[in-house]
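Each residue of the sequence shown is one higher than the last, beginning at 173 in my numbering.
Beta carbons: idealized from backbone N, C-alpha and C, even for Gly.
Note that this is a predicted model, so its numbers are computed, not measured.
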Amino acid sequence: MGVVNRTHRSWHRRPALLVVAGLVAILLLVSLFGGGQGTKEEESDAQGSVAAAERTGSGDPAGGPSTSDGGLDLDLRPVQDYRPGDSAPGDAPAGSAVTERARTEMTASPPAPKEPAASEDAAALQSEVERIIANSVAKAEEESKGNANGGNCAVAVMAIDVESGKVLVRRQADMPLIPASNLKLLTVAAALAGLGPEGRFTTNFEAVGEVHDGVLEGDLVVRAGGDPLYQRNGFGRIDRWLDPLAEDLKKAGIQRVAGALVLDEGTWLEPGPGPEWPAPSEFWKDYCALAAGFTVNGGSFRATVTPRPESGKVDVVLAPKHHGLKRRGSVKLGSRNAVNVGANASGVTVKGTIPASVSVLVSEFAAPDPVDLFGHAFVGGLADRGLAIEGGFVRTHGFEKNGPVVHSIRTPITDVFAPILEDSHNAIADQLFLSLGAQIEGAGTRQAASKAVKDALEKIGVAGRELVQVDGSGLSKANRTTAIQLVALVAAVVKTGGATAQAFLDALPVAGESGTLSKRMSGTPAEGRVRAKTGWVSGASSLSGVAQTQGGRLIVFSILVGYPRIGGLNPTVWKPMQDEICVALVGWNPAEVR
Numbered sequence: 173m174g175v176v177n178r179t180h181r182s183w184h185r186r187p188a189l190l191v192v193a194g195l196v197a198i199l200l201l202v203s204l205f206g207g208g209q210g211t212k213e214e215e216s217d218a219q220g221s222v223a224a225a226e227r228t229g230s231g232d233p234a235g236g237p238s239t240s241d242g243g244l245d246l247d248l249r250p251v252q253d254y255r256p257g258d259s260a261p262g263d264a265p266a267g268s269a270v271t272e273r274a275r276t277e278m279t280a281s282p283p284a285p286k287e288p289a290a291s292e293d294a295a296a297l298q299s300e301v302e303r304i305i306a307n308s309v310a311k312a313e314e315e316s317k318g319n320a321n322g323g324n325c326a327v328a329v330m331a332i333d334v335e336s337g338k339v340l341v342r343r344q345a346d347m348p349l350i351p352a353s354n355l356k357l358l359t360v361a362a363a364l365a366g367l368g369p370e371g372r373f374t375t376n377f378e379a380v381g382e383v384h385d386g387v388l389e390g391d392l393v394v395r396a397g398g399d400p401l402y403q404r405n406g407f408g409r410i411d412r413w414l415d416p417l418a419e420d421l422k423k424a425g426i427q428r429v430a431g432a433l434v435l436d437e438g439t440w441l442e443p444g445p446g447p448e449w450p451a452p453s454e455f456w457k458d459y460c461a462l463a464a465g466f467t468v469n470g471g472s473f474r475a476t477v478t479p480r481p482e483s484g485k486v487d488v489v490l491a492p493k494h495h496g497l498k499r500r501g502s503v504k505l506g507s508r509n510a511v512n513v514g515a516n517a518s519g520v521t522v523k524g525t526i527p528a529s530v531s532v533l534v535s536e537f538a539a540p541d542p543v544d545l546f547g548h549a550f551v552g553g554l555a556d557r558g559l560a561i562e563g564g565f566v567r568t569h570g571f572e573k574n575g576p577v578v579h580s581i582r583t584p585i586t587d588v589f590a591p592i593l594e595d596s597h598n599a600i601a602d603q604l605f606l607s608l609g610a611q612i613e614g615a616g617t618r619q620a621a622s623k624a625v626k627d628a629l630e631k632i633g634v635a636g637r638e639l640v641q642v643d644g645s646g647l648s649k650a651n652r653t654t655a656i657q658l659v660a661l662v663a664a665v666v667k668t669g670g671a672t673a674q675a676f677l678d679a680l681p682v683a684g685e686s687g688t689l690s691k692r693m694s695g696t697p698a699e700g701r702v703r704a705k706t707g708w709v710s711g712a713s714s715l716s717g718v719a720q721t722q723g724g725r726l727i728v729f730s731i732l733v734g735y736p737r738i739g740g741l742n743p744t745v746w747k748p749m750q751d752e753i754c755v756a757l758v759g760w761n762p763a764e765v766r
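Given below as structure tokens:
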């Protein structure tokens, strides 16, 4: 993963971000364009996974049949390195990610615009974007042998000049489409609006009982706070949280807990897949890791496999260290690089062969239950530090006994923005989403979180009538949003300026430099000038964010694409189209500065 050079082009700090008149213009845009019927339209044929394009590939990795391990019912796959944006192997032309409303609008006469036409100096830009889209749709039709065409492909685009609020491009911008990982923009923006940049995940540890001679004669109770307990480049270890906890317990005179580690999940939902997620055969993958009131390492295991040719052995390190699952399998030196991983309630397996020439192999995959993972990791980790918890851990909802807080983990929400936006980490986005429900609505459920997002967005003037959000990541094919909503929310956050805008912008991938854009737009005028979130599920592709023109203006844009589920179109058609549109945006030069 590329690292952003924060000294490169400080365009995101421009004073224009603080112009009050511009914010008024954004809110006016929302009031003009944010309407529409807020109905959810189900699509049984739109399938896929966000992380297929965003993190590790999608669908079953090519050549990766399911294997079993000594009767253990695991769905194992070989570790492979898929580039962000690759299409899912085996995708077939079976349906479309475009709603029925979208199909009707694409085949009927275009609706009358709800706002004045783009100004004359933007007309050329609108025409150029239309040309790019027309050429791309024609290419999609050619490559798919007619299965994808102008009748079943929707391309929605919205772009505004931040300083003036002027509409530069508007095309099908109020059409609800599947946003894929662009929904993460919504989640993060809502968190900033609802909790502020100072918002935090809070996990409190309470000593319930008397302490005598170093023994807590009762329970150590933990109140769920939804913290993903994830550290970028932390190798899956959780020492940074265990060490301060152990130190504070010893300061409180506690050397041993006679009772249990009580995990009070409160109002948080039981961990499980979201509505209309990928098929169960994909649940083992890291992009399907589950969210809950308690978790560690974003709900995933990290296996590090290192060949030791001098000894003829292979080291396998699984983190977190304590997980409570039975270990199965081993990895040996061999001619083939074929390491399979997987986990379920019965056990965790890392097995196969690795050549001596490979320096190290790393794989992340979902834990079957994040709450259990938290419990085992903390009980085992405290035992390693000389603090035994005799009763292990127990899970409950609404533990009534209270005690003094002996330790608190308080993680700024801004700490997870980069994993969510730059790395496109699904489970962490879901943790933030559900935390909004818990902190704002009093319940860590999908329904409460969805209401919290809509309420938070209304605070920054973004209408939510077309929004359907069932997770924080965009993994579900039930999610819907519009290009107008995405542009309005990004613009509103950017124009707040200060720490809020900075935290948001710093976490976005940079074209040609970092994250999921590190290999896109390189060598073009858009390199280093576009900060945006990528998105892909089978049948939907998206790119939304901020572009700086060569003249120094800021443009907020959103590009949403819905198309038949035909393998290969995203990397060959839609991503190049999005990049070409970004180059056009960067080249825009308003009449008043010519």
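Under DSSP, no beta-bridge partner is assigned to N307.
Non-local beta-carbon contacts of E536 in its own chain, meaning distances under 7 Å to residues more than five positions away in sequence, involve D458, S472, F473, R474 in chain order. The three-state reading of DSSP puts S580 in strand, counting E and B together.
Runs of alpha helix (DSSP H) with 4 or more residues, each lying fully within the stretch 648-722, are found at 655-668, 670-678, listed in chain order. Pairwise C-beta distances place the stretch 319-329 in contact with the stretch 735-752, as three or more of them are shorter than 8 Å. Just so you know, the alpha carbons of V530 and P479 end up roughly 7 Å apart.
Within the same chain, Cβ atoms closer than 8 Å to the Cβ of R404 are found at A590, P591, D595, the five residues on either side in sequence being excluded.
In terms of Cβ geometry, L417 and P443 do not form a close pair [threshold 8 Å]. Per DSSP, A555 is one residue of the alpha helix (DSSP H) stretching across 542-556. Judged by DSSP in its simplified three-state form, S483 adopts coil rather than helix or strand. By a beta-carbon distance limit of 8 Å, A320 does not contact S714. Their separation comes to about 17 Å.
Here the C-alpha atom of P697 lies approximately 7 Å from the C-alpha atom of V758.
Counting only runs of 4 or more residues that sit fully inside the stretch 339-370, the alpha helix (DSSP H) segments are 355-367, in chain order. Annotated three-state conformation of G646 is coil, per DSSP. As the crow flies, the alpha-carbon of R372 is around 42 Å from that of I526. The shortest C-alpha to C-alpha distance from N516 to any of K498, G524, S502, V503 is the one to K498. For G740, DSSP assigns no beta-bridge partner whatsoever.
Of all C-beta pairs linking the stretch 384-396 to the stretch 688-696, fewer than three are shorter than 8 Å, placing the two stretches out of contact. When the Cα atoms are used, T744 and W449 turn out to be separated by approximately 25 Å. A distance below 8 Å between beta-carbons, with the five flanking residues on each side excluded, links V659 to the following residues of its chain, in chain order: L201, M330, A331, I332, A345, S716, V728, F729, S730. G390 is bridged by DSSP to G381. Considering only W440, G406, V566, the residue with the shortest C-alpha distance to F605 is W440. If you draw a 10 Å sphere on the C-beta of T568, you find fewer than 16 other C-beta atoms in it, and that means exposed. Annotation for E442: no alpha helix (DSSP H) segment contains it, and DSSP assigns it neither H nor E.
Under DSSP, S472 forms a beta bridge with A538.
For the pair V588 and G470, the Cα-to-Cα distance works out to about 10 Å. In this chain, the beta strand (DSSP E) harbouring V327 covers 326-333.
Contact fails between the stretch 677-688 and the stretch 641-652, because fewer than three Cβ pairs, one in each stretch, are under 8 Å apart. Contact check for P400 against A599 passes: the beta carbons are separated by less than 8 Å.
With a cutoff of 8 Å on beta-carbon distance, G644 and D678 are scored as not near each other. Under DSSP, R428 shares a beta bridge with V387, A560. Of the residues assessed, G700 falls on the buried side of the cut-off, its CB having 16 or more other CB atoms within 10 angstroms.
DSSP places L401 outside both helix and strand once states are collapsed to three, so it counts as coil. Looking at the DSSP output, D436 bridges to R395, T568. Contact between I410 and A549 is confirmed by a C-beta separation of about 6 Å, below the 8 Å threshold. Here L414 carries a helix assignment [DSSP, helix/strand/coil].
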